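Colleague: The numbering of the sequence shown is the numbering used here, which starts it at 142 and goes up by one.
Glycine residues also receive a C-beta, built at the ideal position from the N, C-alpha and C atoms.
Small disclaimer: the values here were computed from a predicted structure and weren't measured.
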Amino acid sequence: MENNLKKLEQTIGYQFTAKSLLEQAMTHSSYANERHLGKLGCNERLEFLGDAVLELISSDFLYKKFRNNQEGELTKKRASMVCEKSLAYCAREFGLPEFILLGRGEEMMGGRKRDSIVSDALESLIGAMYLDGGFEPAQAFVMKFILNDLEDKRIFYDSKTVLQEMVQEGGNHPVEYRLLKEEGPDHSKSFTVEALINGKSMGTGTGHTKKAAEQAAALEAIRSIK
Numbered sequence: 142m143e144n145n146l147k148k149l150e151q152t153i154g155y156q157f158t159a160k161s162l163l164e165q166a167m168t169h170s171s172y173a174n175e176r177h178l179g180k181l182g183c184n185e186r187l188e189f190l191g192d193a194v195l196e197l198i199s200s201d202f203l204y205k206k207f208r209n210n211q212e213g214e215l216t217k218k219r220a221s222m223v224c225e226k227s228l229a230y231c232a233r234e235f236g237l238p239e240f241i242l243l244g245r246g247e248e249m250m251g252g253r254k255r256d257s258i259v260s261d262a263l264e265s266l267i268g269a270m271y272l273d274g275g276f277e278p279a280q281a282f283v284m285k286f287i288l289n290d291l292e293d294k295r296i297f298y299d300s301k302t303v304l305q306e307m308v309q310e311g312g313n314h315p316v317e318y319r320l321l322k323e324e325g326p327d328h329s330k331s332f333t334v335e336a337l338i339n340g341k342s343m344g345t346g347t348g349h350t351k352k353a354a355e356q357a358a359a360l361e362a363i364r365s366i367k
């Protein structure tokens, strides 16, 4: 565990003074329950704090970057930037899932691939950094790993919306998604979906949920169009 934490510190470019905070940030409730650490031993409280810190940093960023946007537009941008799917995408970009401590049952059920668990761990990490070093290191981390390359990231984590906007600009009918295949046991299903524009298949994608498969299909469609 100690080596893993050191590797994570090297990855994010921040050395914790209180190593216990980093360990707790990576502790999922399933791991805490198995080791009888209690509810206070998992990362849920840190996630609560990190969520608030992230909202402040992202709000400040958007307020300064998009000076002509109204409150509603800024709220919409913030919601898409810090939603579960986008945070999970950002976390996977720097390999955070491998550092999460999961209980054996959760591990076997594929918990490391669940967006909710990965995004919660990311917010917990932000909360831990805030407690350990204050606002500045937390802000630097968010700017580097979450708020960088926003437009390119949006194509990946919000490909369905991007594709729909592209289709509307071209005057085409709304994108349709058709389930082609569903296989695997209940705890680890795999779905294959195709994206159709004006009845023509433009891309296919596979995922552990229908929504994930649709996002993957939309990404392929975007690549086809471009």
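Quick check on ILE287: does DSSP put it in helix, strand or coil?
Modeller: Coil at ILE287, not helix or strand.
Colleague: Across which residues does DSSP place TYR318 in a beta bridge pair?
Modeller: DSSP, once it has assigned bridges, lists ALA336 as partnering TYR318.
Colleague: Below 6 Å CB to CB, which residues in the same chain sit around ASP261 once its five sequence neighbours on both sides are set aside?
Modeller: Only GLU188 meet the Cβ criterion.
Colleague: Measure the Cβ-Cβ separation of LEU243 and ARG233 and say whether it is below 8 Å.
Modeller: No, they are not a contact pair.
Colleague: Less than 8 Å between the C-beta atoms of ALA229 and ASP256, yes or no?
Modeller: Yes, Cβ-Cβ distance for ALA229 and ASP256 is below 8 Å.
Colleague: To which residues does DSSP link LYS341 through a beta bridge?
Modeller: Bridge partners of LYS341: ILE338.
Colleague: Who are the Cβ neighbours of THR350 in its own chain at under 7 Å, not counting the five residues just before and after it?
Modeller: PHE332.
Colleague: Short of 6 Å in beta carbon distance, which residues of its chain neighbour GLY154, apart from the five on each side in sequence? Order them along the chain.
Modeller: Correct list: empty, nothing qualifies.
Colleague: May I have a chain-ordered list of the alpha helix (DSSP H) segments no shorter than 4 residues that lie completely inside the region 228-301?
Modeller: As far as the region 228-301 is concerned, its whole alpha helix (DSSP H) runs of at least 4 residues are 245-249, 256-274, 276-286 and 291-298.
Colleague: Considering only residues of the same chain and omitting the five flanking positions on each side of TYR172, which have a CB-CB separation below 6 Å?
Modeller: Result list for TYR172: LEU242, LEU243 and GLY244, in chain order.
Colleague: If you draw a straight line from the C-alpha of LEU203 to the C-alpha of LYS285, how long is it?
Modeller: One C-alpha to the other measures close to 15 Å.
Colleague: Taking DSSP's pairing of strands, which residues face THR347 in a bridge?
Modeller: Looking at the DSSP assignment, THR347 forms a beta bridge with THR333.
Colleague: Count the C-beta pairs between the region 211-220 and the region 294-312 that are closer than 8 Å, then say yes if the count reaches three, no if not.
Modeller: No: fewer than three Cβ pairs fall under 8 Å.
Colleague: For the alpha helix (DSSP H) containing PHE189, list its first residue and its last residue.
Modeller: Unbroken alpha helix (DSSP H) run through PHE189: 185-206.
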